[in-house]
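Residue numbers (the numbering used here), protein chains in the order written: chain A, 1 to 214; chain B, 215 to 429. A virtual CB, placed ideally from N, CA and C, is assigned to each residue, including glycine. Since the structure is predicted, the reported quantities are computational estimates derived from the model, not experimental observations. Worksheet: the structure to be examined is printed underneath.
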């Protein structure tokens, strides 16, 4: 059965889900929700995602939202298909969890205000809080120092294999490398740079970038 | 070998502590003095490189991030105590969905309230009234969605208590206590009933009494 993904190709959270589906050869149908006309805040979409966010998925009778929960569900359900994104033992899976959490609580928490101010607000004609952007960028440097250290002794965040821990960072990192003018934060850190180059060369990422047609 | 969890007096750590108590797992605790900046010292950074709490140490194994710790404990001790993950992959999917809602929608405004109302006076930095007002508004919007969900389901992920419910306990206790905004919970009939139910669970009563932060 084809999974329906309600979202927007250039938005980070739907990209996370689509990337997972591409890695795991899961067939999907993207149903466009137009963020520019605030379609995600309208009653029809609120029935699928009551917080007014994207993505939401429908898979037969299953309905699910929160991109990272969707990643976990499909990576578990299709553990034997496509790339194994979870880790094999409980201990390995918990380390994958740990680095997925660092994406949510550190990288995304610090990065989201940067993206909102530099990318979203200009589109809506709202003023950018430049002081906040500078503050957040300073915090991001410290976070990247920790990642740099981690990736000095690990090929991927959770160890030797590419997992959800790496995948979940990719849509946000795309903003770091492009619109937010922060690419030097990555390129100046040899291990972080090596890791980003390796994961962004994966066929699934290239396919997603083609689909998103920036 | 006994598990050790760090900084049990602080809310994030209590997510892990309550999971351990729910599952009947013996554990030890190590105090970390955040007021004195102990989390930024090299010895602590060696086990949690972001300088945040908590960390769980299980023999040679270390894991940080409170929700990752909850998942690890719930999986490892699946066969004892309440099953906090749901029985099927689909139920687990709902648990993960609401755990993520807590992390991305509920926690950020509540953390802002906690920092500005509870910790600002303690640590001597000025409270941001604009942030307090906006955070309360955001939290109210989120709680309206919770009210709808909890009018159809006894707990967030369905008719069973899960990690998703437990994750809300520590910071919501601040909300109804020292933050002084209990009305956000009490004014919503189903949210209020859910809060009463989860906060009166014996495991939570034990954790909140034994590891109360002296504020």
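{"query": "Out of curiosity, what's the CA-to-CA distance linking residue 44 (chain A) and residue 5 (chain A)?", "result": "15 Å"}
{"query": "Is the CB-CB distance between residue 28 (chain A) and residue 85 (chain A) below 9 Å?", "result": "no"}
{"query": "Is residue 93 (chain A) near the ligand NAP, with its Cβ less than 8 Å from a heavy atom?", "result": "In terms of ligand content, the structure shown is empty, and the ligand NAP therefore cannot be addressed."}
{"query": "I'd like to know whether the C-beta atoms of residue 381 (chain B) and residue 284 (chain B) end up nearer to each other than 9 Å.", "result": "yes"}
{"query": "Quick one: does residue 168 (chain A) have its CB under 9 Å from some CB of chain B?", "result": "no"}
{"query": "Could you list the residues in the region 282-305 of chain B with a C-beta less than 7 Å from some C-beta on chain A, going in chain order?", "result": "282, 285, 286, 289, 290, 303, 304"}
{"query": "Comparing the C-beta of residue 307 (chain B) with each C-beta of chain A, is any distance below 9 Å?", "result": "yes"}
{"query": "By Cβ distance, which residues of its chain are closer than 7 Å to residue 363 (chain B), with the 5 residues on each side in sequence left out?", "result": "370"}
{"query": "Based on Cα-Cα distance, which residue from B:342, B:399, B:274, B:270 lies nearest to residue 356 (chain B)?", "result": "B:399"}
{"query": "Can you list, in chain order, the residues of its chain with a C-beta nearer than 8 Å to that of residue 264 (chain B)? Leave out the 5 residues immediately preceding and following it.", "result": "278"}
{"query": "Which value, in whole angstroms, describes the spacing of the CA atoms of residue 73 (chain A) and residue 157 (chain A)?", "result": "20 Å"}
{"query": "Does the region 171-189 of chain A come close enough to the region 113-123 of chain A that 3 or more CB-CB pairs lie under 8 Å?", "result": "yes"}
{"query": "Using a Cβ-Cβ cut-off of less than 7 Å, list which residues of the region 44-72 of chain A approach chain B; keep chain order.", "result": "50, 51, 62, 64, 65, 66, 68, 69, 72"}
{"query": "What did DSSP end up calling residue 4 (chain A) once you bin it into helix, strand or coil?", "result": "strand"}
{"query": "Any Cβ of chain A within less than 9 Å of the Cβ of residue 263 (chain B)?", "result": "yes"}
{"query": "In the region 47-92 of chain A, which residue ranges form an unbroken alpha helix (DSSP H) of at least 4 residues, counting only runs that do not cross its ends?", "result": "67-77"}
{"query": "For residue 107 (chain A) and residue 143 (chain A), what's the separation of their Cα atoms in angstroms?", "result": "7 Å"}
{"query": "So, at 6 Å on beta carbons, what are the nonlocal neighbours of residue 271 (chain B) in its own chain, with the 5 sequence-adjacent residues on each side left out?", "result": "218"}
{"query": "Note the first and the last residue of the continuous beta strand (DSSP E) segment covering residue 269 (chain B).", "result": "269-272"}
{"query": "Per DSSP, what are the beta-bridge partners of residue 159 (chain A) in this structure?", "result": "A:156"}
{"query": "Apart from the five residues on each side of it in sequence, which residues of its chain come closer than 8 Å, Cβ to Cβ, to residue 407 (chain B)?", "result": "364"}
{"query": "Can you tell me whether residue 218 (chain B) is helix, strand or coil according to DSSP?", "result": "strand"}
{"query": "With H, G and I counted as helix, E and B as strand and the rest as coil, what does DSSP make of residue 107 (chain A)?", "result": "helix"}
{"query": "Check the Cβ-Cβ distances between residue 278 (chain B) and every residue of chain A, and say whether any is below 9 Å.", "result": "yes"}
{"query": "For a cutoff of 9 Å on Cβ pairs, would you count residue 401 (chain B) as touching chain A?", "result": "no"}
{"query": "With distances taken Cα to Cα, identify the nearest neighbour of residue 304 (chain B) among A:110, A:206, A:58.", "result": "A:58"}
{"query": "When the distance is taken between beta carbons, is residue 185 (chain A) closer than 9 Å to residue 141 (chain A)?", "result": "yes"}
{"query": "Indicate whether at least one CB of chain B lies closer than 9 Å to the CB of residue 154 (chain A).", "result": "no"}
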